[in-house]
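**Q** Below you'll find the structure I mean.
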Amino acid sequence: MIREVIDKLIEENKKAFVPYIMCGDKSIDYTKKTIVKLAEIGAAAIEIGVPFSDAVADGDRIQEAGNRAIANGVNLKVIFNMIKEVREETSVPLIIMTYLNPIINYGIENFFRDMEEVKVDGIIIPDLPLEEFDFVLPNIEGKNISLIPLCAITSGEDRIEKLSSAGSGFLYAVTVAGVTGARKSFNDDTMRFLKQAKEVSKLPVLAGFGISTPEQTKQISEFCDGVVIGSKVMELVNAEDYKSIEKIVAALG
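Going by numbering that gives the first Met the number 0, the residue at position 151 of the sequence shown is 150; the numbering climbs one at a time, nothing skipped.
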C-alpha cells in the first residue's frame, strides 16, 4: 500500500508528504482527529510514534511528547485500539515508528499479528540495523506490512543498495547526523547524499530529520521522492495550525 501510493505520486510528478506524530501526546482522541485531518490535507502516509522512555534518535520535542504520552497511559495496546477505530474514518497508509524494546515486551508474534489485524501498513525501527532485519522479516512475510529501512547520511553505495533491497515501502534517508529536530539549513553534503541514494536505491527515497519550513521542503524534495516531517508537524498540530502544514504540502508541488 505504501509503495503503491508513492509510486502513483511519482507517476503524477508529485512528491510524498509523510508527517510524524506522537500517539497520545495530548490525548488518544486528539491523535485520531489529527490522523484524519492530516490525511485530508494530503499526507501520503502518516507515521505514528510509540512513546518510549529511551528514544535515542529523538530530539527534545519528540522525547517530551513521548513522556507526556506515557503519562497519559499510552502503550501499544492503546495504540492498536486507536488505529482500529481510526480505520473506520480513513484508509491513509499508517506506519508505526517504534524502538525494539516495546516490540519485545509486547511479544514479537503478537505485535505483528495485531499490526496486521488493525491494518497498519508499515513499521520503522530506528535501532534495528540491517544485520538484524531477520528479527522482523519472517514475521511480516505474507502480510501487507512494509519494513521501512533507515539510511544514514554516512552510508556508502553498497549499504544503501543492501538496505533498499532488504526493506520495502520506501528508503528513509536521514538527512543529518544526530537526533530529530528542526535545522536552520542543509549543506551540499545532504544533497549529494540524497542524489546518491536516488541513484542506488531500489525503493523510492524520502528524506527526513530536520526539515521544518516550506523552503527547506522544496529544496530537499528536488533530490528525492518526498519528505518526512516530525518535530515541526507536531508543533503545528498542537497549535492547530493546519494552514502552515498546508503550506509545507504546497511546497512539494
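We put the CB at the ideal spot given by N, CA and C, even for glycine.
1) Using a Cβ-Cβ cutoff of less than 6 Å, which residues in the same chain neighbour E88 once the five nearest sequence positions on both sides are dropped?
2) Cβ atoms of I47 and A38: under 8 Å apart, would you say?
3) Using 8 Å for Cβ pairs, my map puts Y19 next to V227. What's the rounded Cβ distance?
4) Cβ of I45 within 7 Å of any heavy atom in the ligand GDP?
5) With a threshold of 8 Å, are at least 3 pairs of Cβ atoms found where one atom belongs to the region 105 to 118 and the other to the region 159 to 173?
6) Going by DSSP, what residues sit across from Y171 in a beta bridge?
7) Would P50 pass as a contact of I69 if the rule is Cβ separation under 8 Å?
8) One question on the structure: do V4 and A43 come within less than 8 Å of each other, judged by their Cβ atoms?
9) Kindly indicate which three-state DSSP category G65 falls into: helix, strand or coil?
10) Please classify A43: does DSSP put it in a helix, a strand, or coil?
11) Report the three-state DSSP secondary structure of Y19 (helix, strand or coil).
12) Beta carbon of M0, beta carbon of D120: below 8 Å?
**A** Walking through what the data contain:
1) One-based indexing of the sequence shown puts residue 88 at position 89. These residues qualify, in order along the chain: V35.
2) Your numbering for residue 38 matches position 39 in the sequence shown. Your numbering for residue 47 matches position 48 in the sequence shown. Taking the C-beta atoms as reference points, I47 is found no nearer than 8 Å to A38.
3) Position 20 of the sequence shown, counted from the first residue, corresponds to residue 19. Position 228 of the sequence shown, counted from the first residue, corresponds to residue 227. That belief holds up - the Cβ atoms of Y19 and V227 are roughly 6 Å apart, short of 8 Å.
4) For the ligand GDP, the structure offers nothing, since it holds no ligand at all.
5) no
6) Numbered from 1 along the sequence shown, position 172 holds the residue referred to as residue 171. Per the DSSP secondary-structure output, Y171 pairs in a beta bridge with L149 and L205.
7) If you number the sequence shown from 1, residue 50 lands on position 51. If you number the sequence shown from 1, residue 69 lands on position 70. In this structure, I69 lies closer than 8 Å to P50 by Cβ.
8) Here residue 4 refers to the residue found at position 5 when the sequence shown is read from its first residue. Here residue 43 refers to the residue found at position 44 when the sequence shown is read from its first residue. Yes.
9) On the sequence shown, position 66 is the one that residue 65 refers to. DSSP places G65 in helix when its eight states are reduced to three.
10) Sequence index remark: in the sequence shown, residue 43 carries index 44 (1-based). Of the three classes helix, strand and coil, the one that applies to A43 here is coil, per DSSP.
11) Translated into the one-based positions of the sequence shown, residue 19 becomes position 20. Correct three-state label for Y19: strand.
12) For the purposes of this step, residue 0 is taken as residue 1 along the sequence shown, with counting starting at 1. For the purposes of this step, residue 120 is taken as residue 121 along the sequence shown, with counting starting at 1. Contact annotation: M0 and D120 have beta-carbon atoms nearer than 8 Å.
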